[in-house]
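Sequential numbering of the sequence shown, starting at 1, is according to the UniProt record's numbering. Where is the CB? At the ideal position from N, CA and C, for every residue including glycine. Model, not experiment: these values are computed from the prediction. What follows is one structure encoded as C-alpha cells, with my remarks underneath.
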Amino acid sequence: MAQALGPDLLVDEGADGRPQWDNKFQYLLSCLGFAVGLGNIWRFPYLCQTYGGGAFLIPYLVALVFEGIPLFHIELAIGQRLRRGSIGVWTAISPYLGGVGLGCFTVSFLVSLYYNTVLVWVLWYFLNSFQQPLPWGTCPPNLNRTGLVEECQSSGTVSYFWYRQTLNITADIDHSGAVQWRLLLCQAASWAVVYLCVSRGIETTGKAIYFTALFPYLVLTIFLVRGLTLPGATEGLIYLFTPDVQILLNPRVWLDAATQIFFSLSLAFGGHIAFASYNPPRNNCRRDAVIIALVNSLTSLYASITIFAIMGFKATNDHGQCLDRNILSLINEFNLPELSISRDNYPAALLHLNTTQPGRIAQLPLRACSLQDFLDQGTSGPGLAFIVFTEAVLHMPGAPVWAVLFFGMLFSLGLSSMFGNMESVITPLLDMGIFPQWVPKEVITGLACLVCFLSATCFTLQSGSYWLEVFDNFAASLNLVIFAFLEVVGVVYVYGMKRFCADIEWMTGRWPNLYWRVSWWVVSPLLLLGILLSYIVLLTHRSPSYKAWNPQYELFPSQEEKIYPHWVQAVCLLLSFLPLLWLPASALAQLLARRRRENTQLDTALKLQDSSGC
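What follows is the structure, encoded as C-alpha cells:
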C-alpha cells in the first residue's frame, strides 16, 4: 500500500525490493558502530582534560540535548520514511536540495580516504604487537652494529618507531618523499577487509558489525579493570573529573563541545540516512535516535575513565623515573649510600642539601619532577594512540598482550565507522542509477573501494601524515556544518514541519512533543548557525599552518610551526569548497531543466494551437 507524504511524494510500504536488516539489534549496532569511532577514544578524553574535567560535561550535555539528538532524529526519520539514500532523500524533498545529498556523498568519499589511513597505521602497529619485546620499546642497532641508532637514543624509542620506522616523515609538506611500501601493503589489506565487509551492503555489513561494534566494549572493560589496579589510576581519574567551572566562561569550550557532539554522532555524512532506509516504515525512529545518541555519549565517558586510569599510571611511572634520575645524581655527587635517599624522602633530602650545599646542587642537571606536570601532558588524535598510550603499554606487565588488545580495539572501532562511510558512498551510487541493473552490487562496491585505495596512496608517502592533517582539517568540518544546517532548514521549512510531524506520527504512533518541535524550529538551526559563524571567524583570523618535524637527530622530534605553502593553501580551499559546489550546480541544473520543460510544453501548446487554427 502506498502512503502519501504530502501531495507529490509516495513511498511504497510493501515489498519494494530494498534490502532490510535481519533484526532491530543489527540495525542499532550498525548505527552505533558508525557513530562510535576513534574520536570517542582519543578526542573526547582530551577535551575533558583541556576544559576543566567534569565541567566540560555541562556544555557537552547541552549540545547533545539541543543539537545532537534532534538532528540525529531528523536523519533517521527521513531515511526511514523515504527509503532512499542521501541524494534520493534531498532530491525528493526538493529538486533544488539535491546538492546537499551530492555534497554529503563527496564528503563521505574524502573522509573515507584519510580515515582508512588511520586504520593502516593501526594495522601496522597491530602486526608489530606480536613481538617480545615490542619493537617500539628498544632502539635498533646502527649500521655498523657497534651500538644503537643515535637518533633513537636521542628522541626516545616510542617517538623513533612512530616518526621514523612507521611514517619515515619528511621535514615538511613540500618534500613528498617516497612511498612507504609497508604502509602501502597495509593499506591494500585494510581496503580488502573493508570490501569483504561491505561488498553486499547490509547483508555482509550486518554480520560483521556484531564483532566490530561489540569487541571494543569488551577490550575497554578489560583495560578498565586492569587500569584501576595500576598505581596512579586514582590520580588520573581525579585529574580528569576535577571540575574547573571558571573555564565555562570561555566561548571556545562551548564551540568544541558542540562540534564534538556533531562529529561524534557522524551527522550530515548520509550514512545514518542510508542505514535507516533499510528499516521497516513503521519503526520507532525517535526511540532509536535517543538510544543511540545516549549510548554513544556514555561510551565516550566510559572510554575517558579507561584512558585516564592508564594515563594516571603512565604519569606516576614517569614521575617516579624522574625522581630516580635526580636521586642517582645526588647519590653520585655527594657519595651517599644507595638507599639513603628514596622517593618518599627525596623532597626533604633535596631541601637539606640545597640548604647546606647550594652551589653544588645548582650545578647538577636536576629536573623539576611534578606529578601535575606529567598529568598535564595530554594529547589527542594519533599522538595519544601511537605515542602516549604505546609508551604506557611498555610499562605494563605482559606488554605485547595489551598492545594486541589495544590496537585490535582501535581497528574494530575504525572498521565499524568505515562501514557507515562506505554506505554513504555506495548507497547514493546505487540510488542514482549510474550503473546498469545487471551490474552486481559486489562489482560496484569493488570499484568504489579500488578508487578509494588508489586515491589514498598519497597518504603512504613520507609526507602522508601532513596530507592526512590537511584532509582532516579542511575536507569535512565546514562542509558538514553547512549541510546539517541545510538539512534542518530543508525538513522544517521546505518539506514542512506539519507534514514531517505527521510522518513521524505515522511511523511511531505519536506526534512529536514540544521539545522536538522547538528544537527543530529554532534551537538547532541557531546552534548550527552559531557554530558555522564561529568556525568561519576562527579560519579567517589565522593562517593555515601545521607542525613540521625536524629531521636532525639532535633536535628530533621537535616541532616547528610552519605556514602551508601557497599551493597547499589552494588545495585546502579546494577541499573546503569542493563539496559545497554541488549546491549551486545542482540547483542551477534543476532550474535549467525546468526552463527546458516549460519551453517544450510551450512549443507543444503553440503547435497544437496552430494546428487547430489551420
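Beta-carbon gap between Gly240 and Cys48 smaller than 7 angstroms: Position check: residue 240 holds Leu in this sequence, whereas Gly was assumed. Yes. Within cutoff.
Exposed unless 16 or more other CB atoms sit within 10 angstroms - verdict on Pro337: So Pro337 counts as exposed.
Residue environment, Ser611, which counts as buried when at least 16 other CB atoms sit within 10 Å: exposed
Helix, strand or coil at Trp21 according to DSSP, with G and I counted as helix: Three-state result, Trp21: coil.
Neighbourhood of Leu113 by C-beta, 8 angstroms cutoff - its chain only, sequence neighbours within 5 removed: Cys452, Ser455, Ala456, Phe459, Phe471
Cβ-heavy atom distance, Gln246 to the ligand FMN, below 6 angstroms: By its list of ligands, the structure shown contains no ligand whatsoever, and the ligand FMN lies outside what it can speak to.
Per-residue burial, Gly446 [other beta carbons within 10 Å of its own, 16 or more giving buried]: With fewer than 16 other beta carbons inside 10 angstroms of its own, Gly446 counts as exposed.
Alpha carbon of Arg145 to alpha carbon of Cys152, nearest angstrom: 14 angstroms
Alpha carbon of Val494 to alpha carbon of Leu592, nearest angstrom: 21 angstroms
Alpha-carbon to alpha-carbon, Leu532 and Val11: Per-residue confidence for Val11 stands at a pLDDT of 41, beneath the threshold of 50, marking its modelled position as unreliable; no derived number is given.
Own chain, CB closer than 8 angstroms to Ser524, minus 5 neighbours either side, in chain order: Phe66, Glu67, Pro70, Leu71, Val488
Residues near Trp402 in its chain [Cβ-Cβ closer than 8 angstroms; skip 5 each side]: Phe223, Arg226, Val393, Met396
For Cys369 and Asn326, believed in contact at Cβ under 8 angstroms, the rounded distance: Yes, Asn326 and Cys369 are in contact; Cβ-Cβ is about 6 angstroms, under 8 angstroms.
Buried versus exposed call for Ala2 [16 or more other C-beta atoms within 10 Å across all chains shown]: Low confidence applies here, because Ala2 scores a pLDDT of 34, under 50, leaving its location unreliable and the question unanswered by this model.
Environment of Trp567 [buried if 16+ CB atoms lie within 10 Å]: exposed
Gly312 vs Glu235 beta-carbon contact at 7 angstroms: yes
The beta strand (DSSP E) enclosing Tyr546, as first and last residue numbers: 545–549
Coarse secondary structure for Gln559, derived from DSSP in three states: strand
4 or more residues per run - each alpha helix (DSSP H) lying fully within the segment 193–239: 202–228
Proximity winner among Phe25, Ser86, Trp121, Val89, relative to Phe411 (alpha-carbon distances): Of Phe25, Ser86, Trp121, Val89, the residue nearest in Cα terms is Trp121.
Short Cβ contact (7 angstroms threshold) for Cys102 with Ile78: The sequence as given places Leu at residue 102; Cys does not occur at that position. Result no, Cβ atoms of Leu102 and Ile78 do not sit closer than 7 angstroms.
Residue of Phe374, Glu560, Asn479, Leu301 minimising C-alpha distance to Gly53: Leu301
Contact check, Ala315 vs Phe374, beta carbons under 7 angstroms: Here Ala315 is near Phe374, since their CB atoms are less than 7 angstroms apart.
Ala585 to Ala303 span [Cα, whole Å]: About 42 angstroms.
Bounding residues of the alpha helix (DSSP H) (the contiguous stretch that carries Pro281): Note, Pro281: premise wrong, no alpha helix (DSSP H); not H, not E.
Among Arg18, Thr106, Arg43, nearest to Asn421 - alpha-carbon criterion: Thr106
Whether Gly414 touches Leu38 by CB criterion (7 angstroms): yes
Strand pairing of residue 616, partner residues [DSSP]: Residue 616 is absent from the structure shown; the chain starts at 1 and stops at 614.
Distance between Trp582 and Ile444 (C-alpha atoms, nearest Å): Cα to Cα, the separation comes out at about 23 angstroms.
Sufficient close CB pairs (3 or more, under 8 angstroms) joining the segment 25–41 to the segment 200–215: Yes, the segment 25–41 touches the segment 200–215.
Test item: CB-CB of Leu575 and Ala475 under 7 angstroms: yes
Per-residue burial, Trp516 [other beta carbons within 10 Å of its own, 16 or more giving buried]: buried
Range covered by the alpha helix (DSSP H) that runs through residue 699: This structure gives no information on residue 699, because the portion of the chain shown stretches from 1 to 614.
Local conformation of Leu148 per DSSP, three classes: In the three-state scheme derived from DSSP, where H, G and I count as helix and E and B as strand, Leu148 is classed as strand.
Pro141 in three-state terms, based on DSSP: strand
Backbone secondary structure at Pro347 - three-state DSSP: Reduced to three states, the DSSP call for Pro347 is helix.
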